[in-house]
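Novice:
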Amino acid sequence: MSALARPAEPEFSFVAAPPKSAELSRPTWYFERQLWNSGYALVAGTDEAGRGCLAGPVVAAAVVLDRSRQIRGLQDSKLLEEDDRQRIADRIRERAIAFSVAACTAAEVDMLNVLWASMEAMRRAVESLSIEADYL
Numbered sequence: 068m069s070a071l072a073r074p075a076e077p078e079f080s081f082v083a084a085p086p087k088s089a090e091l092s093r094p095t096w097y098f099e100r101q102l103w104n105s106g107y108a109l110v111a112g113t114d115e116a117g118r119g120c121l122a123g124p125v126v127a128a129a130v131v132l133d134r135s136r137q138i139r140g141l142q143d144s145k146l147l148e149e150d151d152r153q154r155i156a157d158r159i160r161e162r163a164i165a166f167s168v169a170a171c172t173a174a175e176v177d178m179l180n181v182l183w184a185s186m187e188a189m190r191r192a193v194e195s196l197s198i199e200a201d202y203l
């Protein structure tokens, strides 16, 4: 395996934060709506799983959801029962415009640290999407 270097610091642009009264434990589509209303059609989101583990890989997914096919019950997977999590994962795969899953191995986590391995897994997931997103 070739040595991995830390990725370059990403450039970010930020969307205005949601009102403080917004319930953040469930998706509100707040950011997506702002971006769609600004002309971005393909908005990709990404998240990781496994970052809290003491050992093992980190896995990340990237997804471009179809704004016309919203998914009832979609929320943070840690808040879902296992059967609901599987049902919603199936719906995401059926209804998303594009999705991708990528990982960094335990050895890569040891080389990079868990934060940078999470970022690398997310980068890989985004780069593996079948389409190029307008906004990440």
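At position 55 of the sequence shown the residue is numbered 122 (the numbering used here), and the sequence of numbers has no breaks.
Note that the Cβ used here is the ideal one computed from N, Cα and C, for glycine as well.
Please read these numbers as outputs of a predicted model, since none were measured by experiment.
Measuring only the C-alpha atoms, how far is Arg-154 from Ala-122?
Specialist: In this structure, the CA atom of Arg-154 is about 28 Å from the CA atom of Ala-122.
Novice: If you measure between the beta carbons of Val-126 and Ala-116, is that distance less than 7 Å?
Specialist: yes
Novice: Can you give the Cα-Cα distance for Glu-175 and Glu-194, rounded to whole angstroms?
Specialist: 18 Å
Novice: For Ile-159, I'd like the list of residues in its chain whose CB is within less than 7 Å of its CB, leaving aside the five on either flank, ordered along the chain.
Specialist: Val-130, Ile-138 and Phe-166
Novice: With a 10 Å radius around its C-beta and 16 neighbouring C-beta atoms as the bar for buried, classify Leu-146 as buried or exposed.
Specialist: Within a 10 Å sphere around the beta-carbon of Leu-146 sit fewer than 16 other beta-carbons, which makes this residue exposed.
Novice: Going straight from the alpha carbon of Tyr-97 to that of Thr-172, what length do you get?
Specialist: 33 Å
Novice: Less than 7 Å between the beta carbons of Leu-132 and Asp-201, yes or no?
Specialist: In this structure, Leu-132 lies away from Asp-201, with their beta-carbon atoms at least 7 Å apart.
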